[in-house]
Structure formats: structure tokens, C-alpha cells
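Residue numbering for the sequence shown follows this note's numbering, starting at 7 and increasing by one per position.
Ideal placement from N, C-alpha and C gives every residue a C-beta, glycine not left out.
Since the structure is predicted, the reported quantities are computational estimates derived from the model, not experimental observations.
Worksheet: one structure, shown below.
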Amino acid sequence: MILVTGGAGFIGSNFVLDWLARNDEAVLNLDLLTYAGNLENLATLAGDARHIFVQGDIGDQALVARLLAEHKPRAVLNFAAESHVDRSIHGPADFIRTNVVGTFGLLEAVRAYWSGLDDADKTAFRFLHVSTDEVYGSLEKGEPPFAETHRYEPNSPYSASKAASDHLVRAYHHTYGLPVLTTNCSNNYGPYHFPEKLIPLCILNALAGKPLPIYGDGQQIRDWLYVTDHCSAIREVLARGHVGETYNVGGWNEKANLDVVKTLCAILDELQPRADGASYATQITFVTDRPGHDRRYAIDARKLERELGWKPAETFESGIRKTVQWYLDHAAWTANVSSGAYRQWLDRNYAAR
Numbered sequence: 007m008i009l010v011t012g013g014a015g016f017i018g019s020n021f022v023l024d025w026l027a028r029n030d031e032a033v034l035n036l037d038l039l040t041y042a043g044n045l046e047n048l049a050t051l052a053g054d055a056r057h058i059f060v061q062g063d064i065g066d067q068a069l070v071a072r073l074l075a076e077h078k079p080r081a082v083l084n085f086a087a088e089s090h091v092d093r094s095i096h097g098p099a100d101f102i103r104t105n106v107v108g109t110f111g112l113l114e115a116v117r118a119y120w121s122g123l124d125d126a127d128k129t130a131f132r133f134l135h136v137s138t139d140e141v142y143g144s145l146e147k148g149e150p151p152f153a154e155t156h157r158y159e160p161n162s163p164y165s166a167s168k169a170a171s172d173h174l175v176r177a178y179h180h181t182y183g184l185p186v187l188t189t190n191c192s193n194n195y196g197p198y199h200f201p202e203k204l205i206p207l208c209i210l211n212a213l214a215g216k217p218l219p220i221y222g223d224g225q226q227i228r229d230w231l232y233v234t235d236h237c238s239a240i241r242e243v244l245a246r247g248h249v250g251e252t253y254n255v256g257g258w259n260e261k262a263n264l265d266v267v268k269t270l271c272a273i274l275d276e277l278q279p280r281a282d283g284a285s286y287a288t289q290i291t292f293v294t295d296r297p298g299h300d301r302r303y304a305i306d307a308r309k310l311e312r313e314l315g316w317k318p319a320e321t322f323e324s325g326i327r328k329t330v331q332w333y334l335d336h337a338a339w340t341a342n343v344s345s346g347a348y349r350q351w352l353d354r355n356y357a358a359r
């Protein structure tokens, strides 16, 4: 068995679904079910004995200790995190609580469990921490992409909290010997993505006839990684990664935000045209930029390819088409996650822009 934290969120739920589609090793799934955690993501696993769900906080050391003692997982994969930059600007406390204090509590419980294992199980055990490229800061145009040795320069409360969690994981390896692995990924996209983020937000707004809000001039560049490619990378790192190492996971798809949204519009124009025949691109609206908005992220994933043979299977063109089609096919899911609280958040974040 493996323990997955945050396994009802976007990346975590995709990982759980992908894991159980590929093998029969059970998953113990711990998720607090905050606004972005959604059991509907895991509806296809209803009644599957290989999936055990527990609602709870990674910072609850007593709960985590009990689950570890009861289920005896061979690995812990930490996806649990607050992850939205805009939310971290409006309310940084939740990010410190979950990403820093929560990760500390999880590490403490895992360290105690790992220390009590016999030598063989102790050697085989892994703690895999899933992090972000945003810890590295921002790149100028023409600068080489982020390698694993790049200096940490987080610029938002979110990225600072993730940087702190990365440092804690590193410290628990070097101080206590806990066998850890860390992955730093670029921007994920794909099914089950909570619609506060750029791609799902613009798909749903386009279909609803609403403005497609683009921060600033829309030339902020991100590297885009299809979520199932990220899942395959994590599987490889868990299976064969070198203990104590960090692996950057990217899609080799640097795109400006405006170009991403124009691509979405073109696909929607083809798959579900507007009734008036106009392009969805006419709904693009430029709004006041995010404070301290990082200009460019780019990931150098050559270490992962060189050491573990991993490459992304999807191009941006293939992955984004699959993503748009998924949202068209899952209108009920999007209606359910677009709750009153979510609409209030959109009003708070975009109304004044």
C-alpha cells in the first residue's frame, strides 16, 4: 500500500486514478476536502477495495500516526497543498498553515513511523514530496530554464510556503536520514482541474458567454505539463529515483498565457461553436495584473530523462485538445464544483480588476 495525501485534489486525484488503473497496489487517500478537494473526482472508484479514503489534515500528527500504524504503507506521496497564487495574496495564512505547518506535522509522523520499521522496510520506504517550479522565482526572456540547482527565489506567499516545505523535506533527509524524493513541476492542466486556474476558468467562462480575463498584457510565459504525464513522472521517481534527490518535471511547452487562451478559443470554435458564429476569442478581456506577477517559468527536465528515461507523452496541442473535450463531456462535474463559494471567490478576485 501507498499513502497519498491530497488525493482528492486535481493532481492527486489524477494520480490515484492513474495508479489504480495500472496496478493493484492499494492507495490510502488522506484529504481534508477543502474547497478544491472533491470526492466526485474519484467517483469511478466507488466500491473499489483498493481505494481507502480518509478525510483529515496532514498536520494532524495523531491521525497520520494512527493511519501509518494501521495500514503500514511502503511510501508516502505528499500532494496536499494550497496552490493558488491569487488566493495566497488574499489570504496567506492558509498557505502557511497547510504547506509549512502541515508538511512539518506530516514529516514528524512519518519520521516516527519510519524509525520503527525493520531494516529492510526502512531501506525500501520512500517519502515523495510534490512541489512546484514557482519556488525558483521568475526568469527573463532568453534565460535558461530552471534546473534542479537553480537558487530558490519565491515571489508570492504561495511559492514561499512551498519553498519552505521543500526545505523541511530536505532537512529531514539530511538530519534524520528519512529517505525522501522531491519533484518540482511546471503548470499542470487536464481533467478535474478546479476552475479557478487559467485553463478551466477560460473554458467555462467561454461556454457561459462571460469574459475571459487575461492578467496584464497576457505575455506571462509558463511551461505546460499534461497532468497524466506528471503522474507518470512521479511513478518513475518513486520507483527508481535516487534518495535525497530533486527532479524537475516539465512538458517542454513554453506558452504565453494569451496564446494558451487563444488556442482554447480556436478548439472551442471547432468543437462547440457559438450560436452567433463569432469566435470565443472576442470574449478575451485584459484585466489589472496580479501583484508581483512572475514573468516566466521554464523547466529543464533533462535530469529526469537522463537518469530515469522519462519524457512527456503529450504535446501541448494534443493535451489541450483532450482537456477541452473533457470539460465539454463533463458539464455536470463543472456545475457541481462551481458552487456559491466559488462564485464569490471569482467576484472577489476579478470584480475590482
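List the DSSP bridge partners of residue 57.
-> Taking the first residue of the sequence shown as 1, we reach residue 57 at position 51. According to DSSP, residue 57 bridges with 33.
Does DSSP put residue 261 in a helix, in a strand, or in coil?
-> Position 255 of the sequence shown, counted from the first residue, corresponds to residue 261. Looking at residue 261 - three-state DSSP - the assignment turns out to be strand.
Residue 310 (DSSP reduced to helix, strand or coil) | Here residue 310 is taken as the residue at index 304 of the sequence shown, counted from 1. Three-state result, residue 310: helix.
Which residue's Cα is closest to the Cα of residue 48: 60, 40, 62 and 20?
-> Mapped onto the sequence shown, residue 48 falls at position 42. Comparing Cα positions, the closest option is 20.
Can you check DSSP and say which residues form a bridge with residue 221?
-> One-based indexing of the sequence shown puts residue 221 at position 215. Paired residues: 293.
Measure the alpha-carbon distance for residue 26 versus residue 341 and round it to whole angstroms.
-> Translated into the one-based positions of the sequence shown, residue 26 becomes position 20. Translated into the one-based positions of the sequence shown, residue 341 becomes position 335. Rounded to the nearest angstrom, the two C-alpha atoms are 26 Å apart.
Given 8 Å as the limit, is there contact between the segment 134 to 147 and the segment 293 to 308, that is, 3 or more CB pairs closer than that?
-> yes
Residues bridged to residue 133 [DSSP beta-bridge criterion] = By 1-based counting over the sequence shown, the position of residue 133 is 127. Paired residue(s): 82 and 186.
Using a Cβ-Cβ cut-off of 7 Å (strictly less than) and excluding sequence neighbours within five positions of residue 114, which residues of its own chain qualify?
-> Along the sequence shown, one-based indexing puts residue 114 at 108. Within the same chain, residue 114 has close Cβ partners 67.
Cutoff 8 Å; reference residue 234; Cβ partners in own chain excluding five residues on either side | Indexing the sequence shown from 1 puts residue 234 at position 228. Taken in chain order, the residues that qualify are 20, 24, 196, 319 and 320.
Give me the Cα-Cα distance between residue 81 and residue 294, rounded to the nearest whole angstrom.
-> Numbered from 1 along the sequence shown, position 75 holds the residue referred to as residue 81. Numbered from 1 along the sequence shown, position 288 holds the residue referred to as residue 294. Taking the straight line joining both Cα atoms gives about 44 Å.
Given that a residue counts as buried once 16 or more other Cβ atoms are within 10 Å of its Cβ, and exposed if not, what is residue 75?
-> Residue mapping note: residue 75 aligns to position 69 of the sequence shown, counting from 1. So residue 75 counts as exposed.
Residue 151 versus residue 182: straight-line alpha-carbon distance, rounded = As a first step, residue 151 must be located in the sequence shown, where it is residue number 145. As a first step, residue 182 must be located in the sequence shown, where it is residue number 176. If I take the Cα positions, the gap works out to 32 Å.
Might you give, ordered along the chain, the residues of its own chain that have their beta carbon closer than 7 Å to the beta carbon of residue 339, omitting 5 neighbours on each side?
-> Numbered from its first residue, the sequence shown carries residue 339 at position 333. Taken in chain order, the residues that qualify are 46.
Taking the Cβ atom as the reference point for each residue, do residue 143 and residue 85 lie within a distance shorter than 8 Å?
-> To locate residue 143, count along the sequence shown from 1; it is residue 137. To locate residue 85, count along the sequence shown from 1; it is residue 79. Their beta carbons are not under 8 Å apart, which means residue 143 does not touch residue 85 by this criterion.
Under the DSSP definition of a beta bridge, which residues are partnered with residue 253?
-> Locating residue 253 in the sequence shown gives position 247, counting from the first residue. DSSP lists 189 as partners of residue 253.
If you draw a straight line from the C-alpha of residue 44 to the C-alpha of residue 226, how long is it?
-> Within the sequence shown, numbered from 1, the residue matching residue 44 stands at position 38. Within the sequence shown, numbered from 1, the residue matching residue 226 stands at position 220. Near 29 Å, if we compare the C-alpha coordinates of residue 226 and residue 44.
Under three-state DSSP, which class holds residue 124?
-> Along the sequence shown, read from residue 1 onward, the residue named residue 124 stands at position 118. Of the three classes helix, strand and coil, the one that applies to residue 124 here is coil, per DSSP.
Which word fits residue 324, buried or exposed, when buried means at least 16 other C-beta atoms lie within 10 angstroms of its C-beta?
-> Within the sequence shown, numbered from 1, the residue matching residue 324 stands at position 318. With fewer than 16 other Cβ atoms within 10 Å, it is exposed.
Sorted by chain position, which residues of the same chain lie with C-beta nearer than 6 Å to residue 366's C-beta, five sequence neighbours on each side aside?
-> There is no way to answer for residue 366, as the model of the chain reaches only from 7 to 359.
Residues that residue 195 bridges to, as DSSP identifies them = The count along the sequence shown starts at 1 and reaches residue 195 at position 189. In the DSSP output, where bridge partners are listed per residue, residue 195 has 232.
Taking residue 334 as the reference, give the member of 285, 270, 309 and 315 with the closest Cα.
-> What you label residue 334 is simply residue 328 of the sequence shown in a count that begins at 1. With distances taken between Cα atoms, residue 334 lies closest to 270.
Please name the residue in 216, 10 and 298 whose C-alpha comes closest to that of residue 287.
-> Numbered from 1 along the sequence shown, position 281 holds the residue referred to as residue 287. Of the candidates 216, 10 and 298, the one whose C-alpha sits nearest the C-alpha of residue 287 is 216.
First through last residue of the alpha helix (DSSP H) which encompasses residue 205 = Walking along the sequence shown from the start, residue 205 turns up at place 199. 204 to 213 is the span of the alpha helix (DSSP H), which, as asked, contains residue 205.
Buried versus exposed, by CB contacts within 10 Å (16 or more), residue 61 = For the purposes of this step, residue 61 is taken as the residue at position 55 of the sequence shown. That one is exposed.
Leaving aside the five residues before and after residue 174 along the sequence, list all residues of the same chain whose C-beta is less than 7 Å from its C-beta, in chain order.
-> As a first step, residue 174 must be located in the sequence shown, where it is residue number 168. Answer for residue 174: 109, 110 and 113, listed in chain order.
First and last residue of the uninterrupted alpha helix (DSSP H) at residue 26 | For the purposes of this step, residue 26 is identified with residue 20 of the sequence shown, where counting begins at 1. It spans 16 to 28 - the alpha helix (DSSP H) in which residue 26 sits, taken as one unbroken run.
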